[in-house]
Amino acid sequence: MKIPSVPLSFLLILTNLLLCTTNSQSLKSPLSTTLTSKIETDDRLALLAFKDQIIQDPLGSLSSWNNNNSLHFCNWQGITCSPKHQRVTELFLQSQAMVGTLSPYIGNLTFLRLINLQNNSFHGEIPQEIGRLFRLQHLYLSNNSFIGKIPASLSNCSQLIDLHLASNSLTGKLPNELGYLSKLVLLNLRSNNLTGSIPPSFGNLSSLQHITLAFNSLEGTIPDSFGLMPSLEFIRIGSNKLSGTVPPSLWNLSSVIEFYVVGNQLHGSLPVDIGFTLPNLQNFGIALNNFYGGIPISFSNISRLDYFDIANNNFFGSVPTDLGRLQHLVWLDLSINNLHNLSFLTSLINCTNLEKLILDWNRFEGVLPNSIANLSTKLRILRLGRNQISGSIPEAIGYLVNLNQLSLGRNRLTGRIPSSIGKLQKLYRLTLNRNKLTGQTPSSLGNITQLFELRLQSNNLIGSIPLSIKNYQRLHILDLSDNGLNGTIPRDIISSSSQITYLNISHNSLTGSLPFEVCGLGNLQVLDVSYNRLSGEIPSSLGNCLQLEGLHMERNIFQGNLSSFLYKLKAIQHLDLSSNNLSGEIPKELETFPWLRSLNFSFNDLRGDLPIRGVFSNASAISFTGNDKLCGGIPELELPTCHTNESNNQRKSSGILGEDEALVAVKVINLKQRGAAKCFMAECESLGKVRHRNLIKIVTTCSSIDSKGNEFKALVYKFISNGSLEDWLHPYNNVDEDGGQQQSNKNLLSFSQRLNIAIDVASALDYLHHHCQTPIVHCDLKPSNVLLDDQLTAHVADFGLAKFLSKSRNNSVKDDTSSVAIKGSIGYVAPEYGMGGAASTNGDVYSYGILLLEMFTGKRPTDEMFKDGLNLHDFAKNMALTLLQLDNTQKRSLLMEVVDQRLFLLEEEEEEEEEDHGQEEQHVAVEEAMKLMEECLVSVIRIGVACSVESQGDRMDINDVIMDLHWIRHAYDQGAGVHPCV
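Residues -26 to -1, 1 to 956 (mature numbering (1 follows the signal peptide of the UniProt record, and there is no 0)) are what the sequence shown spells out, left to right.
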């Protein structure tokens, strides 16, 4: 019978008091009184208590959960009841974007057999009361933000079959009591912060088939008891700190299908009979450990093996020549070991499914056999770099038509580059560097139009720079340095290579001038033309390469004035113009360049006052030897003192305002541009009425007549030192000659930094939309209009298209400044604007959503991949929906493909240091970073998708955006405190 007169809150408090008096031995026993029994069995009250702990339900998943009896709780969304008893048996609320804590009253739902709350944002601890669910069979809490220890009380759930707690922030040791769950089939605890050792009691899990403990901080050895689990098929314990040897009993567990221990500190040799004791093995991954010895010949007996990765260990000797019997083999990685003898390659022609063959960083010697042409037509990656391979590249290489990557660098190859290589039209990366290749580059190279990276440096190639390079519309990295190339730099190549970010043609015998068309290289990050015989003036158009970080032009015959191009290169880090015939004064603007780290102007004909600030204040970072007309500078340089008047005149002409010499930025309005005067007025009016830490600050304005009688208008802003977000999101992303990733010092924004910037921009919009006396719509939000100061705090800028809004009686907004046309920017402008819609705060939210997706995918909305109806919003939405259907391994793989990979990359060491230490530390650090960011990335993408939906009424309010982002940052900061590698 119902008790309508007793308030819900009173019943819940009473329930809590009664539960507190119940000892652990009587949790499953009925309470003594009728009222207590009623409270414990009233599932409706327990569900309402669950709802009370949810602080955000953006999808309205709990909207049907009411307390007025209008709808029976068995009909509430996500609830399944037993037909007979009308008791709750399933709680299914997966992927509902809910935020909150898990109520301890869930322990009252004692008929529950399934709980699925994964892919939400639950935080706090998993309540101990969950152990009262003695009928529970399936528990899914993965991909949330739970903290604290795994409740030992879970051992009371004796019927448990599946336990998924992956991708949370759980800490502490693995409870020994979990070994009592005799019916457990699947245990997934990956991607948490668990410590301690693996309890030996896990050997009692006689029904266990899957165990996944990867990406934690577990220590100690693999328990001997693992070999006592007769049903065990999938062992995934990689990326921990496990040490010791693999228990012999585990090598004899014939049921094992996957053995993944990558990224630990395990050692020992592999059993010679492993191919007979593990006959069902399909995936074998032991990379990044300390295993040693030979590769057992018996591996060829494991007929179903498709993934074989033993990279970065200490294996030595020959590779078994009968690996070709593994006809299901897809992935073979033997890199970074001490293996030799290439004769096994011929046997691999029987592996017709082989897609990746990675053999670099070994001691393989001998010649490449012609039988390489008979390798799998599915082969996409062939890496043989950093070995001792000699002879010529077989002409038959052209038969591997599906190759995406071909790496033969750092070997002893001789002869010409075969013309057949032009048949590999799907190549994305071709590295033949540091060999002894001769002759001219074949014209057939021009057929590989999809090339992203071409490295031919440090060979003995001759002739001119091949004109066929102009066919590479996607080329980003080109290195032809240290060869015998001659002739001039073809203009066609420069003008057609607009995507190129790294161009190195140094240490050749090139002549002529640097083409004026260099202005077309807008994405160029590194240009090295040093040690050639180039002459003439350096074209002023080089100043248009605003992304340029490294410029090396030393040891040529360049002449002319420095000031014509240098003052624009504000992103420059390393600048070397030494040993030329350059003249004029050193631009004083260089001392304000925030990223400039080294500068060499030695042996030129420079004159005038040497600056003393910025990089000029560090004597070890600059060199001016051989310029007799220079004066001033810091005392360590011991240059003569400059004439006082000259020094004063220079100071009067410098980007400095007021007696305190505060740096400012001046925006001069091009009044010849249509609508420029209106944009000037809009920006003056907007910024003159607002003050917020995340908005650009206007210092003053200027509206006057210049010396020629022309109208002159300018805006003076506070100087923001770190440029725009555009510069940081799309920097030079290098790839080293062996296929590894590199990242320059600048423009590497971590996940945390991007999240803070996203919150800053949202805060600025919230102020404009909700806290100004008259609401303001920016109308042109995009990365280039977001500036970053020296603390990487974001400041929204450029209010030339801003609109003032006034609310009408029906709470809509109408345009108060129709004189300023809405233009926006392609890719960011809201779709309703293109159909004549009025300015609205929803339009800004759309632009913000696109900006947010761009920040975390690294893809511009105007990227060439977005065609035939696909756009950035749909791309991200499809990704988010797909992630919900994948297991954790597949999810990791998809995230790596679609989000900005720079989020997972750390700076590489210098090449020599890399050779000394290998790649182990970098690999583990990247994996740890991925572990922390995985769950948060998905949540951020969802926000970006929700903001950029086509229907403006369905977009998130900027207030909700800020709240969600703060929750994500809170969850991430907890993990970042434990894992300092990010």
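Just so it is clear, CB atoms sit at the ideal spot from N, CA and C, and this is done for glycine as well.
As the structure is a prediction and not an experimental result, all values here were calculated from the model.
Please name the residue, chosen from the options, that lies closest to residue i on a Cα-to-Cα basis.
i: Leu939; options: Ile439, Val912, Leu729, Gly461; result: Leu729
i: Ile824; options: Met930, Leu252, Glu369; result: Met930
i: Phe725; options: Asn696, Asp874, Tyr822, Ser455; result: Asp874
i: Gly122; options: Pro149, Ser205, Asn254; result: Pro149
i: Phe490; options: Asn286, Met937, Phe539, Leu543; result: Phe539
i: Pro609; options: Gly629, Asn601, Gly600, Leu584; result: Leu584
i: Ser321; options: Ser799, Phe338, Ala545, Leu297; result: Leu297
i: Gln30; options: Ser95, Thr84, Asp928; result: Ser95
i: Gln70; options: Asp947, Gly927, Ser913, His944; result: Ser913
i: Gln111; options: Ser132, Leu411, Glu612; result: Ser132
i: Leu19; options: Ser35, Asn41, Leu36; result: Asn41
i: Tyr154; options: Asn142, Leu134, Leu755; result: Leu134
i: His302; options: Asn226, Pro464, Lys330, Gly494; result: Lys330
i: Ser557; options: Ala545, Phe577, Phe567; result: Phe577
i: Arg299; options: Ile310, Ser274, Ile284, Asn312; result: Ser274
Less than 8 Å between the C-beta atoms of residue i and residue j, yes or no?
i: Phe830; j: Ile733; result: no
i: Ser442; j: Asn460; result: no
i: residue 957; j: Leu342; result: Limits of the chain in this structure are -26 at one end and 956 at the other, which puts residue 957 out of reach.
i: Ile367; j: Leu387; result: yes
i: Ile422; j: Gly396; result: yes
i: Leu279; j: Leu316; result: no
i: Ile942; j: Cys921; result: no
i: Ser553; j: Arg587; result: no
i: Phe47; j: Leu21; result: yes
i: Phe208; j: Glu232; result: yes
i: Leu573; j: Leu543; result: no
i: Ile932; j: His745; result: no
i: Leu128; j: Gly105; result: yes
i: Phe108; j: Asn82; result: no
i: Tyr541; j: Glu511; result: no
i: Asn434; j: Lys400; result: no
i: Glu828; j: Gly817; result: no
i: Leu144; j: Phe120; result: yes
i: His666; j: Tyr741; result: yes
i: Leu669; j: Ala738; result: yes
Is DSSP giving residue i helix, strand or coil here?
i: Ser156; result: coil
i: Gly237; result: coil
i: Gln30; result: strand
i: Ala23; result: helix
i: His769; result: strand
i: Ile121; result: strand
i: His97; result: strand
i: Tyr114; result: strand
i: Asn933; result: helix
i: Val872; result: helix
i: Val246; result: coil
i: Ser55; result: Ser is not the amino acid found at residue 55; the sequence shown has Cys there. Three-state DSSP puts Cys55 in a strand.
i: Leu611; result: helix
i: Thr145; result: strand
i: Gln715; result: At Gln715 the pLDDT is 39, less than 50, meaning the model places this residue with poor confidence and gives no usable figure here.
i: Val751; result: strand
i: Tyr807; result: helix
i: Gln70; result: coil
How close, in whole Å, do the beta carbons of residue i and residue j come, if the pair is a contact with beta carbons under 8 Å?
i: Pro221; j: Ile248; result: That belief does not hold up - the Cβ atoms of Pro221 and Ile248 are roughly 14 Å apart, past 8 Å.
i: Lys813; j: Val760; result: Per the sequence presented here, residue 813 reads as Ala, with Lys not at that position. Not a contact, Cβ separation roughly 20 Å.
i: Gly268; j: Gly291; result: 4 Å
i: Pro101; j: Leu137; result: About 16 Å separates the two Cβ atoms, so there is no contact after all.
i: Leu202; j: Val230; result: Wrong, their Cβ atoms sit about 13 Å apart, outside the cutoff.
i: Asn445; j: Gln473; result: Rounded, the Cβ-Cβ distance is 13 Å, inconsistent with contact.
Original post:
What residue ranges within the segment 160 to 211 form continuous alpha helix (DSSP H) runs of no fewer than 4 residues, ordered along the chain?
Top reply: Complete alpha helix (DSSP H) runs here, min 4: none at all.
Subject >> Sequence ranges, beta strand (DSSP E) only - wholly within the segment 451 to 525, length at least 3 >> reply: Look at the segment 451 to 525 and you find these whole runs of beta strand (DSSP E), each 3 residues long or longer: 451 to 453, 458 to 461, 476 to 478, 483 to 486, 500 to 502, 507 to 511.
Subject >> Length-filtered (4 minimum) alpha helix (DSSP H) runs lying within the segment 389 to 429 >> reply: Complete alpha helix (DSSP H) runs here, min 4: none at all.
Subject >> Every unbroken beta strand (DSSP E) within the segment 302 to 334, with a cutoff of 3 residues, ordered by chain >> reply: For the segment 302 to 334, whole beta strand (DSSP E) runs of length 3 or above, ordered along the chain, are 305 to 307, 312 to 314, 330 to 332.
Subject >> Ranges of the beta strand (DSSP E) found wholly within the segment 560 to 605, counting only runs of at least 3 >> reply: Listed in chain order, they are 572 to 574, 579 to 584.
**OP:** Run through the segment 360 to 386 for me and flag every whole beta strand (DSSP E) of 3 or more residues, listed as ranges in chain order.
**Re:** Look at the segment 360 to 386 and you find these whole runs of beta strand (DSSP E), each 3 residues long or longer: 362 to 365, 379 to 381.
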